[in-house]
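Residue numbers (our numbering): 2 to 336. What follows is a short report on a single structure.
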């Protein structure tokens, strides 16, 4: 009987949590590794490991590889949000070194343990960002074939993500005999509880001042619900599982996860709605005068549409925004 296992590193983060739940819903055995893992899941297929990957013993790693016919690793354990990269310019290098050390350890466990003779190991690495790519000046769109911005990006965060891409590509070439790295330029996902996320700021303003300032018209952000973004990784993993691939033409591949363009008007409407449900009535919406053009950006993937028939879901995004807004209000009321 086939047993499919996915090991999710960084399972308590907003990206990793969506991945954990998406795979569990499709009856994969999920090993969820994160120091902040709380053991809460909608599925009984999830085994929570409250630790870092470095703290897990070689014996335990080996048991996960041996006890299944198909095993995938998803690495979503990059440390730091956009603001942290601005204040810590060495964070990207530290993340690269951590991933390189992880791959080196896997080589010891997976290859020297003999498992590589039975199957190839696939690592889906959620280490990139769609924002490191150039935006088309006419369509304001980023896609599969968009070039990387000059210098790797326009800020420390984007440059770190481009550096992660180069690091992963190098590691894949070195270890091409036994593994493949799939590098994902991720879209922004919701729910998003980061303090710098737009929704949290809007809710705070609504509750404190009774006003929400937003950019009207064709301005917004491409977003996905975390579980729909995870469905891309899931669909690709299930393709590999059904094919029982032992070899791969290229040890490295890259994907960009698209988003559903969500206007800031929708952000403001959700923030006003949730504020009203929590007792703050008659919040005023105020249009911002000047907005930079890059906030008209879209993100698409023809490749995923053609290969997976992937379509973004705006209703799921709005639900994720509502969850984000409610959390922000709960935190405000506890202050």
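Just so you know, even glycine gets a beta-carbon here, dropped at the ideal spot from N, CA and C. All values derive from a computational prediction rather than experimental measurement.
Within the same chain, Cβ atoms closer than 7 Å to the Cβ of residue 241 are found at 123, the five residues on either side in sequence being excluded. A distance below 8 Å separates the beta carbons of residue 211 and residue 281.
Shown here, residue 271 sits in a helix according to DSSP, grouped into three states. Burial state of residue 159 is buried, judged by a 10 Å Cβ sphere holding 16 or more other Cβ atoms.
Within its own chain, the residues whose Cβ lies closer than 7 Å to the Cβ of residue 208, once the five positions on either side in sequence are excluded, are 276, 281, 330, 333, listed in chain order. Inclusion of residue 55 and residue 128 in the CB contact set at 8 Å is not warranted, their separation being larger than that value.
Your pair residue 93 and residue 165 checks out as a contact, with CB atoms roughly 7 Å apart and the cut at 8 Å. Going by beta carbons, residue 194 and residue 264 fall outside the 8 Å limit. Residues of the same chain with their beta carbon placed closer than 7 Å to that of residue 312 are lacking, with the five preceding and five following residues left out of the count.
Contact check for residue 144 against residue 301 passes: the beta carbons are separated by less than 8 Å.
Collapsing the DSSP output to three states places residue 314 in coil. At the C-beta level, residue 256 and residue 233 come within 8 Å of one another.
Taking 4 residues as the shortest admissible run, the segment 125–212 contains the following complete alpha helix (DSSP H) segments, listed from N- to C-terminal end: 157–175, 199–210.
Straight across, the Cα-Cα distance linking residue 327 with residue 176 is about 45 Å. For residue 86, the enclosing alpha helix (DSSP H) stretches over residues 83–88. With distances taken between CA atoms, residue 294 lies nearest to 139 out of 17, 14, 139, 180. DSSP, read as helix, strand or coil, puts residue 303 in helix.
Around the beta carbon of residue 84, fewer than 16 other beta carbons sit within 10 angstroms, so the residue counts as exposed.
Distance between residue 186 and residue 131, taken at the CA atoms: about 5 Å. DSSP places residue 33 inside the beta strand (DSSP E), whose first and last residues are 30–34. Cβ-Cβ distances below 7 Å link residue 197 to 82, 83, 84 in the same chain, with the five nearest sequence neighbours on each side left out; the list follows chain order.
Each residue's CA atom was taken as its position, placing residue 317 and residue 75 some 23 Å apart. The C-beta of residue 36 has fewer than 16 other C-beta atoms within 10 Å across all chains shown, which makes the residue exposed. Here residue 287 has 212, 214 as same chain residues with Cβ atoms under 6 Å from its own Cβ, once five neighbours each way along the sequence are excluded. The Cβ neighbour count for residue 303, taken over all protein chains shown within 10 Å, is under 16; the residue is labelled exposed.
Checking the DSSP bridge columns, you'll see residue 221 partnered with 264.
In the structure shown, residue 292 adopts coil according to DSSP, grouped into three states. Boundaries of the beta strand (DSSP E) harbouring residue 73: 71–76, taken from the DSSP string. Per the DSSP secondary-structure output, residue 254 pairs in a beta bridge with 183. For the options 137, 172, 69, 225, the alpha carbon positioned closest to that of residue 102 is the one of 172.
With fewer than 16 other Cβ atoms inside 10 Å of its own Cβ, residue 218 counts as exposed.
Taking the C-beta atoms as reference points, residue 192 is found nearer than 8 Å to residue 15. A check of alpha carbon separations from residue 51 across 29, 203, 10 identifies 10 as the nearest. Beta-carbon to beta-carbon, residue 216 and residue 292 are separated by about 4 Å, close enough to satisfy the 8 Å threshold. Within the same chain, 110 come within 7 Å of residue 59 by CB-CB distance, once the 5 residues on both sides are set aside.
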